[in-house]
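If you count by mature numbering (1 follows the signal peptide of the UniProt record, and there is no 0), then the sequence shown holds residues -19 to -1, 1 to 198, one letter each, in order.
The structure under discussion appears below in the form of structure tokens.
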Amino acid sequence: MKSQLIGFLMNFWISSSIALYFHSAEREEKCIIEDVPSDTLVTGNYKVQRWDIHKQVFLESAPGLGMFVTVRTPSDEVILSKLYGPKATFSFTSYLSGEHIICLQSNSTRLVAFAGSKLRIHLDIRVGEHFLDETVIQAKDKVNEVNFRLEHLMEQIQHVSKEQNYEREREEKFRNISEQTNSNILWWAVAQTFILISIGIWQIKSLKDFFIAKKLV
């Protein structure tokens, strides 16, 4: 019963992920921005397809075609820079909270031999998700299987907690910026009012002095 309940919860567990595909030309670098909390595992899977100019379809990429994967932190530090094949999995662990830039670029020297260098890249980014190894689970008995799934579930809960803390930090930062902006607007309104009142007093005094000088009053 516990095993079924855990399995039910795991099936409906929500994790942060992005699945997309995009087209790329020779020597063209494509980047996406992923907002990641600190101390979080990020896993990416991609597959590259090559455009066949004769058949007018995308085919599985030819051997030898590779992709350079580069990951930069919010402080513009490179934490991953590696050449992978046409289909690969890469991963990194963030140590700073913020927007991480993930870039993919083909090894263009390999593309020169291809008729037409148009590529389609399928990319799947998962943040904070640890996959269960079903082969390991099947090799364990029921008690160990439950413990293993509970540990996995606890890891997911910790990830959600990190996400919530990160969102609270961002909300607090945004609130502080909003309060500072509102305060600046208030002081600017007070300054404008003071300037208008000063100009009005000066105009009244100048007009009064003019009337006195002309002996109109």
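From the three backbone atoms N, C-alpha and C, an ideal C-beta is built for every residue, glycine too.
Quick caveat: nothing in here was measured; it's all calculated off a predicted structure.
Item: Counted within 10 angstroms of its Cβ, other Cβ atoms place residue 188 as buried (16 or more) or exposed; Value: exposed
Item: For residue 174 and residue 180, the rounded distance between their alpha carbons; Value: 10 Å
Item: Contacts around residue 54, its chain only, beta-carbon distance under 8 Å, and the 5 residues preceding and following it disregarded; Value: 60, 75, 76, 77, 79, 81
Item: C-alpha distance - residue 125 paired with residue 135, whole-angstrom precision; Value: 15 Å
Item: Residue burial classification, residue 162 (beta-carbon count within 10 angstroms, cutoff 16); Value: exposed
Item: Beta-carbon proximity of residue 157 to residue 105, cut-off 8 Å; Value: no
Item: Pick from 147, 185, 86, 102 that is closest to residue 8, judged by C-alpha positions; Value: 86
Item: With 16 other Cβ atoms within 10 Å as the buried cut-off, status of residue 30; Value: buried
Item: Neighbour-count burial assignment, residue 100, 16 or more Cβ in a 10 Å radius; Value: buried
Item: Beta-carbon contacts of residue 194 that lie in its chain and below 6 Å, excluding the five residues immediately before and after; Value: none
Item: Opposing strand residues paired with residue 48 [DSSP bridges]; Value: 65, 87
Item: Three-state class that DSSP yields for residue 150 in the structure shown; Value: helix
Item: Assumed close pair residue 83, residue 127 - CB separation to whole angstroms, cut-off 8 Å; Value: 36 Å between Cβ atoms; not a contact.
Item: Beta-carbon separation (whole angstroms), residue 144 vs residue 18, contact threshold 8 Å; Value: 6 Å
Item: Which residues DSSP lists as bridging residue 11, in chain order; Value: 85
Item: For residue 104, the first and last residue of its enclosing beta strand (DSSP E); Value: 100 to 108
Item: Helix, strand or coil at residue 16 according to DSSP, with G and I counted as helix; Value: strand
Item: Local conformation of residue -1 per DSSP, three classes; Value: strand
Item: Environment of residue 176 [buried if 16+ CB atoms lie within 10 Å]; Value: exposed
Item: Inter-residue Cα distance where the pair is residue 65 and residue 47; Value: 5 Å
Item: Nearest neighbour of residue 20, chosen from 153, 72, 6, 152 [CA to CA]; Value: 72
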